[in-house]
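In terms of the numbering used here, the sequence shown opens at residue 50 and continues consecutively. By construction, the Cβ of each residue, glycine as well, lies at the ideal position given by its N, Cα and C atoms. Below is one structure, written out as structure tokens, with a few remarks after it.
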Amino acid sequence: MGGAVFWLVLHTNRSLLRLSTQLAESAQQVAGAAAQVSGASQSLAQGASEQAASLEQTSASTEEIASITRQNADHALQVAGLMQQSTSGAAEVNQMLDRMVEKMKEIDGSSHKIARIIKVIDEIAFQTNILALNAAVEAARAGEAGLGFAVVADEVRNLAQRSAQAAKDTAGLIEESIATSQDGSGRLDLMAGGVRAMTDSSMRVKALVDEVNHGSQEQARGMDQISSAVMHMEQVTQKTAASAQESAAAGSQLNEYAAGLRTLVNEMREMVGAS
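Pasting the structure below:
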């Protein structure tokens with residue numbers, strides 16, 4: 050009976066020794082793995098923290114660039130509005146000049162009509178003067194009977210001469226007016242051509258400004274998206290850093306558990322060995 054009990058105790062001690070050895074090896078492996086997990090988690094946490102700090106700086110820089118881009122887009126929009134007003138104003142001036150050119154042409158046409166009328170008046174005065182001279186000659190031939198008619202003929206001739214002189218003076222003024230009108234019309238044509246060229250240039254500049262405005266708006270939207278993406282990356286990185294720190298803490302705690310397990314195993318081996 051006593052031998053069987055001794056054999057049972059001995060067998061149990063050997064089993065416990067093997068088990069304690071296996072537990073010690075497992076505890077050592079767990080401690081090693083926990084140390085690796087803790088170290089890797091700490092490295093990951095440090096890297097994530099550094100990346101989060103870098104992303105924070107990047108986010109601030111990106112936000113500043115996005116703000117500047119939005120300001121540029123606003124300025125481009127304002128410039129586009131001013132160019133639209135300038136183009137509209139140039140178009141109105143162009144229309145006014147066209148109307149002025151038409152009026153100058155009408156004035157020039159009216160002046161030529163007046164000149165033709167003055168020429169007719171001058172011809173009538175010339176014919177009247179000739180008739181008055183003929184009448185005076187006939188009155189002189191009539192003697193005393195033609196004295197009254199001679200006076201009238203002389204007055205008619207004087208009026209004809211005065212009409213002819215007035216017609217010549219008026220014709221001179223009309224010619225000056227026509228010359229001035231033609232000169233003004235030519236200047237207006239040149240001015241209108243310049244305004245048209247300016248309007249065309251304004252239209253081309255407006256088209257370029259519109260393209261810049263469109264590009265600035267697209268750039269502003271793109272920078273806003275980039276800023277949002279960087280902020281999201283920063284948040285994810287911060288969460289990763291927090292998770293890594295938690296993993297490092299858990300690894301450290303697991304290492305402590307493994308150390309405690311080794312202590313218990315050693316105590317158990319001492320107890321078994323002492324039995």
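- Residue environment: I179 is assigned as exposed (fewer than 16 neighbouring CB atoms within 10 Å of its CB, all protein chains considered).
- Around the C-beta of V258, 16 or more other C-beta atoms lie within 10 Å, and the residue is accordingly described as buried.
- Out of S276, E305 and T248, the CA that lies nearest to the CA of E105 is found in S276.
- No alpha helix (DSSP H) of 4 residues or more sits fully in the stretch 196-226.
- Note that the C-beta distance between A125 and V261 is below 8 Å.
- The straight-line gap separating the alpha-carbon atoms of T107 and Q268 is approximately 18 Å.
- Taking a contact to require three or more Cβ pairs closer than 8 Å, the stretch 176-191 and the stretch 133-140 do not qualify as touching.
- Around the Cβ of A115, a 10 Å sphere holds 16 or more other Cβ atoms; the residue is buried.
- Under a 10 Å Cβ-count criterion, E99 is classified as exposed, with fewer than 16 other Cβ atoms of the shown protein chains found around its own Cβ.
- By alpha-carbon distance to T289, the top candidate from R253, V200, S92 and L146 is S92.
- Per the Cβ contact rule, the stretch 159-175 is in contact with the stretch 207-217 (3 or more Cβ pairs under 8 Å).
- Between the beta-carbon of I223 and that of A164 there is about 5 Å, and that keeps the pair under the 8 Å contact cut.
- The C-alpha of E316 lies about 46 Å from the C-alpha of V285.
- If you check the CB distance, V150 and S234 come in under 8 Å.
- Within 10 angstroms of the beta-carbon of N207 lie fewer than 16 other beta-carbons, which makes it exposed.
- 8 Å or more divides the Cβ of A129 from the Cβ of Q266.
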